[in-house]
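K.L.:
Okay, handing you the structure first.
Number of protein chains: 2
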Amino acid sequence: MTISSFIPPQRTLMGPGPSDVSPRVLEALARPTIGHLDPEFIRMMEEMKTLLHYAFQTENALTLPVSAPGSAGMETCFVNLVEPGDKVVVCINGVFGGRMKQNVERCGATAVVVEDDWGNPVDIQKVEDALKQHPDTKIVAFVHAETSTGAQSDAEALVKLAHQHDCLAIVDAVTSLAGTPLKVDEWGIDAIYSGTQKCLSAPPGLSPVSFSERAAETIRNRKTAVQSWFLDLNLVMGYWGPAAKRAYHHTAPINNLYGLHEALVMLQEEGLENAWARHAYHHAALRAGIEAMGMGFVVDEAHRLPQLNAVTLPPGADDAEVRGRLLKDFSLEIGAGLGSLAGKVWRIGLMGHACNQRNVEFCLGALDTVLSEQKCDINAGVAVDAAQQFYANQPAAVKTA
Amino acid sequence: MTISSFIPPQRTLMGPGPSDVSPRVLEALARPTIGHLDPEFIRMMEEMKTLLHYAFQTENALTLPVSAPGSAGMETCFVNLVEPGDKVVVCINGVFGGRMKQNVERCGATAVVVEDDWGNPVDIQKVEDALKQHPDTKIVAFVHAETSTGAQSDAEALVKLAHQHDCLAIVDAVTSLAGTPLKVDEWGIDAIYSGTQKCLSAPPGLSPVSFSERAAETIRNRKTAVQSWFLDLNLVMGYWGPAAKRAYHHTAPINNLYGLHEALVMLQEEGLENAWARHAYHHAALRAGIEAMGMGFVVDEAHRLPQLNAVTLPPGADDAEVRGRLLKDFSLEIGAGLGSLAGKVWRIGLMGHACNQRNVEFCLGALDTVLSEQKCDINAGVAVDAAQQFYANQPAAVKTA
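Written out as structure tokens, the structure reads:
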């Protein structure tokens with residue numbers, strides 16, 4: 001059997017990530033590989049840290065891209081900060097909070113779970129109650145933007161609460177980074193991780209992380225060794241720390257880092273505030289179309305993420321059938337529901353490079369066509385018009401990449 | 402401060418990895434990103450497993466590329482197979498054996514260390530003695546091809562010995578895969594990990610692994626949870642297992658996988674035996690040049706890796722100065738010594754796409770120039786001739802990519 005080169009189709013990626021990667025970033029991936037200790041690469045690493053400081057709005061020295069996807073960024077935060085016997089308040093309002101609990105328990109620590117219904121933000125009062133009940137808690141962990149539901153929690157308030165109870169705060173910003181306001185230093189976040197394949201629109205495979213000085217101090221003063229050699233920041237910083245002393249720890253994913261660097265340069269060119277505004281703007285247009293069809297959102301408006309739209313299936317719609325038709329006839333990917341929302345919602349991403357007027361209208365038009373053909377109970381033929389009307393009435397104040 | 406796109410220099414990579422990546426693989430990296438659950442991507446994943454079966458010479462069902470560099474592949478093997486309280490015989494004859502010991506201890510297990518001098522292969526008698534002394538040993542772990550020294554150990558004999566003592570064998574094949582003979586099924590290897598940036602000449606960032614049915618059974622029957630959520634194969638196989646049931650675990654590094662797929666297609670085109678022969682062939686040419694200069698190798702001929710040549714510095718040579726000149730004047734990277742060999746050796750890689758006549762002659766010529774200018778004690782002006790004479794006398798029996 002002979003296997004040939006793999007030529008992927010050209011999709012429009014409007015699921016929960018990966019999002020469409022711009023040609024500039026794809027082109028950067030293909031630049032010649034150089035060594036992970038090459039002086040030119042080390043210079044690029046310094047730029048990478050500066051660019052990540054900007055994206056995270058932080059001056060944390062301990063800021064770097066972990067050499068693996070977001071799930072490994074999550075694990076980096078937990079295995080470095082949590083020790084056996086610790087107590088961690090974990091807020092669960094979707095898939096990724098549940099994953100945090102798994103991480104805590106695999107560190108030999110106790111997870112105190114604060115649960116909220118999927119689609120709701122984390123309830124701050126419940127977290128406060130848990131902290132009062134468990135005064136020996138060391139860390140509060142929560143998801144800023146739940147990719148499984150599209151709900152945004154109040155990170156600033158949750159971090160403040162954690163600090164009032166002398167806890168560190170670990171924040172999942174996989175889907176929020178570069179999509180909605182996120183201010184690591186102003187909000188006092190102690191440990192944060194993100195992904196590259198959401199609102200940064202770089203290929204998956206890296207996880208930007210950042211740790212406050214207090215968190216870094218906690219890591220340096222651990223009583224036990226970090227259980228992961230690969231993710232042990234005490235070792236990783238020998239490579240990602242001061243440029244003058246850089247030594248081999250593991251071989252960095254060179255070309256993937258080229259891609260992330262380029263995506264971050266593009267973010268810097270657009271401006272972080274402009275990127276946030278762009279996500280809110282096109283979300284409003286998508287919403288106009290979705291609502292014109294008679295469909296609704298899982299998350300209420302006050303806590304809805306612009307970049308991840310969990311839309312309730314209209315009566316008569318077959319989940320897999322519709323997504324299959326969108327992929328086959330329109331080469332358009334939208335996301336399925338996860339966990340308790342499986343089969344009940346679609347997750348329409350408007351992330352990074354994929355967040356633009358063309359995609360909003362294309363997605364609405366494709367949905368309209370497929371749902372109409374399937375005789376679902378929607379207002380047919382009005383969605384694209386509604387979005388176009390939004391755009392006509394509200395000309396973009398920001399550059400819409 | 403404004404940061405611009407990063408345009409890396411064009412190097413010739415003849416260090417310990419990454420090795421030169423072919424234009425075909427670089428081009429594959431830049432293909433459009435698609436979703437990690439896209440039917441086309443799932444088809445590609447099946448091909449990937451078939452291609453890895455070929456490269457590893459195995460039919461192990463549990464064969465996949467871990468979504469992170471080789472160090473994470475090492476960790477995947479240890480955290481999945483080792484449980485707290487286990488005993489593991491770890492053979493150390495260079496940097497990477499030492500790293501295995503770290504992994505064992507971070508799993509809460511005991512490492513019984515069998516040490517050999519750097520540059521020597523693992524001494525099988527010593528391993529047997531250790532196994533006799535520790536009859537409760539569960540696993541024997543060793544490095545097939547020590548990247549820090551260029552020494553190759555007898556993997557087949559070591560695995561056989563491990564099995565005689567009812568142990569599993571974990572094998573580090575980061576530098577050996579596709580460079581020297583490696584036969585996972587024939588030799589009965591239970592768990593193996595490799596990297597992409599050595600003799601496969603794909604960019605770093607992935608780690609192909611494979612587990613025998615006996616090892617897979619051991620993982621399924623663990624008494625404790627795998628301490629890493631990200632690397633837990635019981636979970637990862639929900640994504641990399643049978644195509645029909647594939648579900649999200651973490652977001653795969655899509656574009657990096659395009660690159661590895663292309664590199665494996667190229668390996669299949671060349672033929673594994675031809676690739677092994679090519680590495681041996683160009684190593685012999687390099688050796689002719691190195692010896693003509695009057696320089697020698699750290700490892701004796703019987704155990705010397707063709708793809709990783711640890712060459713002793715000639716009298717009068719300043720390690721950093723020479724490597725700096727090679728990089729600056731020739732855009733040529735060779736590797737420094739690690740650990741106890743730091744400052745004493747250079748590591749000249751002839752890996753994958755970088756293993757060809759042009760590179761052998763270029764490297765010898767550059768070394769000759771720089772060492773002569775630095776007035777080191779070498780036979781000047783003869784190295785390239787010696788290699789050319791080798792090539793003239795021994796025309797390649799194999800395609801020399």
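Heads up: the protein sequence lines correspond to chains A and B, in order.
If you're matching positions, the first sequence starts at 1 in this note's numbering and goes up one per residue.
If you're matching positions, the second sequence starts at 402 in this note's numbering and goes up one per residue.
Even glycine gets a Cβ: it sits at the ideal position worked out from N, Cα and C.
As the structure is a computational prediction, the values presented were derived from the model and not from experiment.
Cβ closer than 9 Å: which chain B residues qualify as neighbours of P204/A?
P.N.:
Residues of chain B passing the Cβ test: T434, H437, S468, H651, T652, A653, P654, I655, N656 and N657.
K.L.:
Establish whether the CB of H303/A and some CB of chain B are separated by less than 8 Å.
P.N.:
Chain B, which has no Cβ nearer than 8 Å to the Cβ of H303/A, makes this no.
K.L.:
Name the chain B residues whose beta carbon is nearer than 7 Å to that of A30/A?
P.N.:
The answer, in chain order, is L427, E428, L430 and A431.
K.L.:
Closest Cβ-Cβ distance between W118/A and chain B: below 8 Å?
P.N.:
Output row for W118/A: interface = no.
K.L.:
Starting from H261/A, find everything on chain B with Cβ-Cβ shorter than 9 Å and list it in chain order.
P.N.:
What H261/A touches in chain B: I404, S406 and F407.
K.L.:
Checking 8 Å against the spacing of the C-beta atoms, do E361/A and A387/A come in under that value?
P.N.:
In contact: E361/A and A387/A (Cβ atoms closer than 8 Å).
K.L.:
Looking only at DSSP bridge pairs, what is I749/B linked to?
P.N.:
In the DSSP output, where bridge partners are listed per residue, I749/B has N710/B.
K.L.:
Return the residue from the list G753/B, A784/B and L765/B that minimises the CA-CA distance to V575/B.
P.N.:
Nearest of G753/B, A784/B and L765/B to V575/B, Cα basis: G753/B.
K.L.:
Under 9 Å between beta-carbons, which chain A residues line up against Q628/B? List them in chain order, please.
P.N.:
Residues of chain A passing the Cβ test: V79, R106, C107, G108, Q227 and S228.
K.L.:
Please tell me whether A802/B has its Cβ less than 8 Å away from any Cβ of chain A.
P.N.:
Because A802/B sits at a pLDDT of 45, beneath the cut-off of 50, its placement in the model cannot be relied upon, and the point is left open.
K.L.:
What residues match up with Q553/B in a beta bridge as DSSP calls it?
P.N.:
DSSP, once it has assigned bridges, lists A546/B as partnering Q553/B.
K.L.:
Contact defined as beta carbons within less than 8 Å: I believe S611/B pairs with N504/B. What is the distance between those atoms, to the nearest angstrom?
P.N.:
With a Cβ gap of about 18 Å, S611/B and N504/B do not count as contacting.
K.L.:
Below 8 Å on the Cβ atoms is my contact criterion, and I expect L338/A with V95/A to pass it. Report the Cβ-Cβ distance as a whole number of Å.
P.N.:
Their Cβ separation, rounded to whole angstroms, is 5 Å, which keeps L338/A and V95/A in contact under 8 Å.
K.L.:
With distances taken Cα to Cα, identify the nearest neighbour of I170/A among V21/A, C107/A and V88/A.
P.N.:
It is V88/A whose Cα lies nearest to the Cα of I170/A.
K.L.:
Taking only beta-carbon positions, decide if G750/B is within less than 8 Å of chain A.
P.N.:
No, because no Cβ of chain A sits closer than 8 Å to the Cβ of G750/B.
K.L.:
Nearest-angstrom Cα distance between E506/B and G324/A?
P.N.:
Looking at the two C-alpha atoms, the distance is approximately 48 Å.
K.L.:
Please specify which runs of the beta strand (DSSP E), each continuous and at least 3 residues long, are wholly inside the region 271-315 of chain A, giving them in chain order.
P.N.:
Entirely contained in the region 271-315 of chain A, the beta strand (DSSP E) runs reaching 3 residues are, in chain order, 308-312.
K.L.:
Contact criterion: CB-CB distance below 8 Å. Does S595/B meet it with respect to chain A?
P.N.:
Answer no: the Cβ-Cβ gap between S595/B and chain A never drops below 8 Å.
K.L.:
Specify the secondary structure class of P440/B as computed by DSSP and reduced to three states.
P.N.:
DSSP places P440/B in helix when its eight states are reduced to three.
K.L.:
Taking buried to mean at least 16 other C-beta atoms within 10 Å of its own C-beta, is I7/A buried or exposed?
P.N.:
So I7/A counts as exposed.
K.L.:
Could you tell me the alpha carbon to alpha carbon distance between A664/B and P609/B, rounded to whole angstroms?
P.N.:
If you take the alpha carbons of A664/B and P609/B, they lie about 13 Å apart.
K.L.:
May I ask you to report which of helix, strand or coil DSSP gives Y594/B?
P.N.:
Three-state result, Y594/B: strand.
K.L.:
From the beta carbon of V422/B, is the nearest beta carbon of chain A less than 8 Å away?
P.N.:
It does: the Cβ of V422/B has a partner Cβ on chain A nearer than 8 Å.
K.L.:
Could you give the C-beta distance for L327/A and M14/A, rounded to a whole number, given that I count them as a contact under 8 Å?
P.N.:
In fact, because the Cβ distance is near 11 Å, the residues do not count as touching under 8 Å.
K.L.:
Where does P410/B land, buried or exposed, given buried means 16+ other C-beta within 10 angstroms?
P.N.:
Classification for P410/B: exposed.
K.L.:
From the DSSP output, in three-state form, read off F612/B for me.
P.N.:
DSSP places F612/B in strand when its eight states are reduced to three.
K.L.:
Check this for me: beta carbons of H261/A and L51/A, under 8 Å apart or not?
P.N.:
Yes, Cβ-Cβ distance for H261/A and L51/A is below 8 Å.
K.L.:
Is the number of C-beta pairs between the region 619-633 of chain B and the region 267-275 of chain A that are closer than 8 Å three or more?
P.N.:
No, the region 619-633 of chain B is not in contact with the region 267-275 of chain A.
K.L.:
Excluding the 5 residues preceding and the 5 following T770/B in the sequence, name in chain order all residues of the same chain whose CB lies nearer than 7 Å to its CB.
P.N.:
Cβ within range, chain order: n/a, list empty.
K.L.:
Considering only residues of the same chain and omitting the five flanking positions on each side of K49/A, which have a CB-CB separation below 6 Å?
P.N.:
Taken in chain order, the residues that qualify are T63.
K.L.:
If we cut at 8 Å on Cβ distances, does P582/B have a partner in chain A?
P.N.:
So, not an interface residue.
K.L.:
So with CB distances below 8 Å, who are the chain A contacts of L803/B?
P.N.:
Residue 803/B falls outside the range modelled here, since chain B spans only 402 to 802, and no answer is possible.
K.L.:
Please go through the same chain and pick out, in chain order, the residues whose beta-carbon is closer than 7 Å to the beta-carbon of A586/B, but skip the five residues on each side of it.
P.N.:
First, the amino acid is wrong: residue 586/B is Asp here, not Ala. Here the set comprises Q458, T459 and E460.
K.L.:
Thinking C-beta only, is N794/B closer than 8 Å to L751/B?
P.N.:
The answer is no: Cβ separation not under 8 Å.
K.L.:
What are the residues in the region 450-468 of chain B lying within 7 Å of chain A by C-beta distance?
P.N.:
Within the region 450-468 of chain B, the residues whose Cβ lies closer than 7 Å to some Cβ of chain A are T451, L452 and S468, listed in chain order.
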